[in-house]
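Read the structure below first, then the notes.
See below:
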């Protein structure tokens, strides 16, 4: 067997710097240093083992930066359906299931009564995963009645961490069910924070604070730490900052494991940070739709490489007045399928683990998010109005900085602020969504058009 270390001489950090200085041909060495002004994170364009912080951990071991899974990197291919009409929603669900979807997300929050027989007609829940967002306790009782009191274990709930505490009837009904059988029930919606313009570490800090608050809430209502941890899951947004987004998912897993460790769980699975990554609308173009194919591809790659358990690629125009088109829905569903079947992203666990650059970014994002999380906790969390308002103001500031970068062309988004589509397209208006904090989702193209 060839000894590679004997055959190839290793280079020290000093050797690298000497060579890089030579390659720069007199240019300032600071050209190799970068700072992301919005993320407030400095990093180098080169990394060496002498300067990088690298852990020797493997998947399945604390602090679970590389995840709990040790068998594969597979994920569920999700599709979100806003239920306004049960028959229409059922038709759409059956259609996307035949096109490769294996995770349905039903949003029932805008309706008070739901005909589950019509909505679920022909859907075999034993073979797919399902997430349901309920509006009230009556819907939950109707759901139990539909399944004859035995809701399949493949069904989980997307109840917002803020609303479930204020909806006493729904929380009591859910907790009674969770004491008998644990399932994911409380969703920590970082996606809404990200779509409003938050940084990676602001989104993680929000997830940690709301996640911790939910764990405490469940334990106060009679669940153990192991039972409570099995009921909380996270939804995060994925942006176009490729390596930062990968590092964000890894940092969230690491920090969540630290939160759970403080309560000394009895089972290793309690450390699992279950993440549904959503590809949203902030940087998408409605005038130049084909550029969205590239953005959605790299964003899905970030989610898969970061170890998301499920990925929902929203059709780029789903948030518009015209609604999603056949093209955008097909693109959204095929994204995960291509990365699995043709690119094998589902075969390797944490493929970028050990990369000096990714490990460095993970450490920096984890530290900044943990510091903000500690500040939030020390000041009473989001239950205090002044803390919530300060957090909202900070996100508004980041959203403003993002727009300034686009307006001054310091950041280029093709088809949005540079090289616009010369062809006329039909009018399509962005419809912003509002999160529990009153934060509106933003779309760069729409915001830029508004200031022209």
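Numbering (the working numbering), first residue to last: 7 to 458.
Built from N, CA and C at the ideal position, the CB exists for glycine as well.
Being a predicted model, the structure only gives us computed values, none of them experimental.
Residue 203 is not a Cβ neighbour of residue 251, given a cutoff of 8 Å. Taking each of 367, 427, 456, 21 in turn and checking the Cα distance to residue 435, the smallest one comes out for 456.
If you draw a straight line from the Cα of residue 73 to the Cα of residue 60, it comes to about 16 Å. Excluding five sequence positions before and after residue 56, the CB atoms of its chain that fall closer than 6 Å to its own CB belong to 19, given in chain order. Straight-line spacing of the CA atoms in residue 193 and residue 315 works out to 14 Å. Secondary structure note for residue 417: it is in no alpha helix (DSSP H), with a DSSP letter that is neither H nor E. The C-beta of residue 79 has 16 or more other C-beta atoms within 10 Å across all chains shown, which makes the residue buried. By the 16-neighbour rule on beta-carbons within 10 angstroms, residue 209 is buried. No residue range can be given for residue 205, since it is assigned to no beta strand (DSSP E) and is classified by DSSP as neither H nor E. For residue 416, the number of other beta carbons within 10 angstroms of its own is below 16, and it is reported as exposed.
Within the region 81-149, the complete alpha helix (DSSP H) segments of 4 residues or longer fall at 92-103, 122-125, listed in chain order. Beyond the five residues adjoining it in sequence on each side, residue 330 comes within less than 7 Å, by CB distance, of 321, 323, 324 in the same chain, given in chain order. Taking a C-beta distance under 8 Å as the contact criterion, residue 364 and residue 253 qualify as a contact pair.
For residue 111, the closest of 215, 95, 227 by C-alpha to C-alpha distance is 95. Contact check for residue 221 against residue 276 fails: the beta carbons are separated by 8 Å or more.
Sequence-distant Cβ neighbours of residue 134 in its own chain, meaning closer than 6 Å and more than five residues away, are 108. Taken in chain order, the complete beta strand (DSSP E) segments of 3 or more residues contained in the region 225-249 are 238-244. Annotated three-state conformation of residue 71 is coil, per DSSP. A residue is called buried once 16 or more other Cβ atoms fall within 10 Å of its Cβ, and residue 40, having fewer, is exposed.
Counting every other CB atom within 10 Å of its CB across the protein chains shown gives residue 104 a total below 16, marking it as exposed. For residue 296, the uninterrupted alpha helix (DSSP H) run begins and ends at 296-311, by DSSP. Taking one beta carbon from each stretch, the region 299-311 and the region 345-352 have 3 or more pairs nearer than 8 Å; the two touch. Judged by DSSP secondary structure, residue 379 falls outside any beta strand (DSSP E) and instead within the alpha helix (DSSP H) spanning 362-384.
Here the region 234-245 makes contact with the region 180-200; the two share three or more CB pairs at distances below 8 Å.
Distance from the CA of residue 257 to the CA of residue 337, rounded to the nearest whole angstrom, comes to 29 Å. Comparing alpha carbon positions, the residue from 243, 115, 446 closest to residue 399 is 446. Relative to the Cα of residue 215, the nearest Cα in the group 228, 225, 195, 205 belongs to 195. Per the coordinates, the alpha-carbon of residue 244 lies some 6 Å from the alpha-carbon of residue 284. The alpha carbon of residue 26 has as its nearest neighbour, out of 53, 13, 43, the alpha carbon of 53.
Comparing alpha carbon positions, the residue from 381, 218, 83, 318 closest to residue 343 is 83. Under the 10 Å beta carbon count, residue 218 is surrounded by 16 or more other beta carbons and is classified as buried. Excluding five sequence positions before and after residue 139, the CB atoms of its chain that fall closer than 8 Å to its own CB belong to 111, 112, 113, 114, 115, 163, 164, 165, 166, 193, given in chain order. In the DSSP assignment, residue 162 falls within the beta strand (DSSP E) that extends over 161-163.
A straight line joining the alpha-carbon of residue 333 with that of residue 207 spans about 34 Å. Annotation for residue 306: 285, 317, 319, 341, 342, 345 place their beta carbon closer than 7 Å to its own, counting only its chain and skipping 5 residues before and after.
About 7 Å separates the Cβ atoms of residue 413 and residue 454, confirming a contact at the 8 Å cut-off.
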